[in-house]
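Trainee:
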Ligand code: C2E
Ligand code: CA
Ligand code: CA
Ligand code: CA
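In UniProt numbering, the protein residues as written are 243 to 517.
(1) Is residue 537 near residue 386, with beta carbons less than 8 Å apart?
(2) Could you give the first and the last residue of the continuous beta strand (DSSP E) run that contains residue 301?
(3) Along the chain, where does the alpha helix (DSSP H) containing residue 311 start, and where does it finish?
(4) DSSP on residue 336, reduced to helix/strand/coil?
(5) Please list the terminal residues of the continuous beta strand (DSSP E) segment that includes residue 451.
(6) Quick check: is any heavy atom of ligand 3 less than 7 Å from the C-beta of residue 474?
(7) Does the stretch 419-433 come within contact of the stretch 475-491, defined as at least 3 CB pairs closer than 8 Å?
(8) From this set, 332, 310, 436, 479, which residue's C-alpha is nearest residue 469's C-alpha?
(9) Rounding to the nearest angstrom, what Cα-Cα distance links residue 454 and residue 263 in this structure?
(10) Suppose the cutoff is 6 Å on Cβ atoms and the five residues either side in sequence are ignored; what does the same chain contact list for residue 332 look like?
(11) Which residues mark the beginning and the end of the beta strand (DSSP E) in which residue 513 is found?
(12) What residue range is occupied by the uninterrupted alpha helix (DSSP H) comprising residue 345?
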């Protein structure tokens, strides 16, 4: 069947059509979702592995569409990037997150994701700072999460934007660490505050010696450079025990809580207060 080029064409064409059509639909709906400001952040607790308490939340964009259903950020963020809608979308979700976060305890931090494509825009830093000013959320409570690929882009404005944000007091976290684009020296040429260990390593801690060795090495490097560390995707006690034993400072994952709506946060804090 593999040598039969015609039958392959016949097989794949309908799929491609469906794919293209869905993509066009998503793009059209995305435009109106942004115009109507209905893409909203949900919040996943970041838990201190030292005190076992919530120390902040990561904002994660959520989009529910009446005809297309739930569309995950892994789908709509790339489309927003390709269509140039990402700036409007990013600003909108960030503004909402800052407003929501002003209701949290004053010690809590807000982590916000910025994609490598967003970091190509040298005006981004200025926009983030002015949204902070307008909403009254302190830059010292904000942590921007950036993935490795942003650090290897040659013509990106990443360095300018990151420097500007750092100047304003914003912290910088390296997201999805270990998924490997950048060399260690490329990464360390940026001043970082935190490394987030990718879920792919955390989820295999139980059965994979390789994962245990890699996670321990990451934690050692981070410690050596005075960086804090968040383990992503902590789902069971076994993983937690290993992370604590090896000095990981914070954790996120379904073991603690998945992302919740802004209105669900008081109940989460209440439950913690009763423990
Ligand atoms: P990320 O920044 O690595 O976010 C972590 C993802 O892991 C989230 O998926 C979260 O819901 C999921 N997760 C958290 N704990 C667990 C766990 O214990 N087990 C498992 N299996 N998954 C867990 P989500 O919300 O679908 O987001 C996917 C990606 O989309 C994010 O990955 C981030 O890169 C991007 N993203 C989300 N919101 C935004 C945004 O506002 N702006 C930008 N630029 N990117 C965003
Ligand atoms: Ca993240
Ligand atoms: Ca991540
Ligand atoms: Ca990710």
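We treat Cβ as the ideally placed atom computed from N, Cα and C, and that holds for glycine.
Mentor: With the structure as the only source:
(1) This structure does not reach residue 537, given that the chain is present from 243 up to 517, and the question cannot be answered.
(2) Here residue 301 refers to the residue found at position 59 when the chain shown is read from its first residue. Taken as a continuous stretch (DSSP letters only), the beta strand (DSSP E) holding residue 301 covers 296-307.
(3) For this step, residue 311 is matched to residue 69 along the chain shown. First-last for residue 311: 311-313, but that is the beta strand (DSSP E), not the alpha helix (DSSP H).
(4) Reading the chain shown from its first residue, position 94 is the one you call residue 336. In this structure, residue 336 counts as helix in the three-state DSSP scheme.
(5) In the chain shown, residue 451 corresponds to position 209, counting from 1. From DSSP, residue 451 is part of no beta strand (DSSP E) but of the alpha helix (DSSP H) over 451-466.
(6) Within the chain shown, residue 474 is the residue found at index 232, counting from 1. Within the cutoff, so yes.
(7) Two segments are said to touch when three or more pairs of C-beta atoms, one from each, lie closer than 8 Å; by this definition the stretch 419-433 does not touch the stretch 475-491.
(8) One-based indexing of the chain shown puts residue 469 at position 227. Ranking 332, 310, 436, 479 by Cα distance to residue 469 puts 436 first.
(9) Looking up residue 454 in the chain shown gives position 212. Looking up residue 263 in the chain shown gives position 21. Each residue's Cα considered, the two are about 43 Å apart.
(10) Taking the first residue of the chain shown as 1, we reach residue 332 at position 90. Excluding positions up to five away in sequence, the list reads 360.
(11) As a first step, residue 513 must be located in the chain shown, where it is residue number 271. Counting along the chain, no beta strand (DSSP E) covers residue 513; the unbroken alpha helix (DSSP H) around it starts and ends at 507-516.
(12) Working through the chain shown from its first residue, we reach residue 345 at position 103. Looking at the DSSP string, residue 345 is not in any alpha helix (DSSP H), and its letter there is neither H nor E.
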